[in-house]
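Each residue of the sequence shown is one higher than the one before, starting from 1 at the first, in the UniProt record's numbering. Here a beta-carbon is modelled for each residue, glycine too, at the ideal position from N, C-alpha and C. For reference, the structure is listed below as structure tokens.
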Amino acid sequence: MTWTVIQPGDFEWIDRPNAEGVVTRKSAEVTEPGGLTQSRARKWRLLPGARGKRHSEGAQEEVFFVHEGTLTALLGDDPWERVDVSAGGILVLGIGTPIQLRNETDSEVRLFAYGAPPIAGQATVLEDIGDI
């Protein structure tokens with residue numbers, strides 16, 4: 001039996017600039033510090049107005065737990081659908097679902113992202129939706 005505890009002060013936050021080079025997102029890796037081998041995980045902080053890359057995962061199911069703020073997810077393709085997930089809510093995506101995570105509020109959004117199996121490099125980057 002094994003376990004790992006990662007305390008709030010242990011996370012190493014990395015700046016994630018947008019296409020214009022402005023830092024609007026920060027992420028902290030959970031996979032390696034947590035010793036995960038059958039899945040991947042990461043914490044995210046989205047500043048007001050932030051939006052991630054629109055993409056679809058070719059090999060992973062994804063789960064997003066919002067623990068602060070309201071996350072906006074643009075899901076699907078042609079037409080896409082807006083889904084708002086409030087603090088305490090969970091968004092679950094099947095493999096291949098197009099998604100763009102955004103913060104359309106004036107407050108920071110914090111979330112935990114979890115994917116399985118732990119296969120990287122299978123995402124397809126899609127065209128940004130732009131302003132909504």
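Between residue i and the rest of its own chain, which residues show a CB-CB distance below 6 Å, the 5 nearest in sequence each way excluded?
{"i": "residue 96", "result": "56"}
{"i": "residue 110", "result": "45, 67, 68"}
{"i": "residue 130", "result": "none"}
How far does the beta strand (DSSP E) with residue i in it extend, from its first residue to its last?
{"i": "residue 53", "result": "Here residue 53 belongs to no beta strand (DSSP E), and DSSP marks it neither H nor E."}
{"i": "residue 86", "result": "81-86"}
{"i": "residue 31", "result": "Counting along the chain, residue 31 falls outside any beta strand (DSSP E), and DSSP gives it neither H nor E."}
{"i": "residue 61", "result": "61-68"}
{"i": "residue 11", "result": "Unbroken run through residue 11: none, as it is neither H nor E."}
{"i": "residue 44", "result": "40-46"}
{"i": "residue 124", "result": "123-125"}
Could you check if residue i is buried or exposed, using at least 16 other CB atoms within 10 Å of its CB as the buried criterion?
{"i": "residue 38", "result": "exposed"}
{"i": "residue 22", "result": "exposed"}
{"i": "residue 98", "result": "buried"}
{"i": "residue 35", "result": "exposed"}
{"i": "residue 52", "result": "buried"}
{"i": "residue 24", "result": "buried"}
{"i": "residue 144", "result": "The shown model of the chain, from 1 to 132, leaves out residue 144, and the question about it has no answer."}
Does the separation of the CB atoms of residue i and residue j fall below 8 Å?
{"i": "residue 33", "j": "residue 6", "result": "yes"}
{"i": "residue 83", "j": "residue 75", "result": "yes"}
{"i": "residue 128", "j": "residue 54", "result": "yes"}
{"i": "residue 50", "j": "residue 102", "result": "yes"}
{"i": "residue 120", "j": "residue 62", "result": "no"}
{"i": "residue 91", "j": "residue 116", "result": "no"}
{"i": "residue 118", "j": "residue 40", "result": "yes"}
Tell me which residues share the same chain as residue i and place their Cβ nearer than 8 Å to its Cβ, disregarding the 5 neighbours each side in the sequence.
{"i": "residue 12", "result": "28, 29"}
Enumerate in chain order the residues of its own chain whose CB-to-CB distance from residue i is below 7 Å, with the five nearest sequence positions on each side excluded.
{"i": "residue 18", "result": "24"}
{"i": "residue 124", "result": "55, 56, 58"}
{"i": "residue 126", "result": "54, 55, 56, 98"}
{"i": "residue 77", "result": "98"}
Cβ contact check for the stretch 23-34 and the stretch 42-55: 3 or more pairs under 8 Å:
yes
I'd like to know if the stretch 62-69 and the stretch 85-99 are in contact, where contact means that at least 3 CB-CB pairs between them fall below 8 Å.
yes
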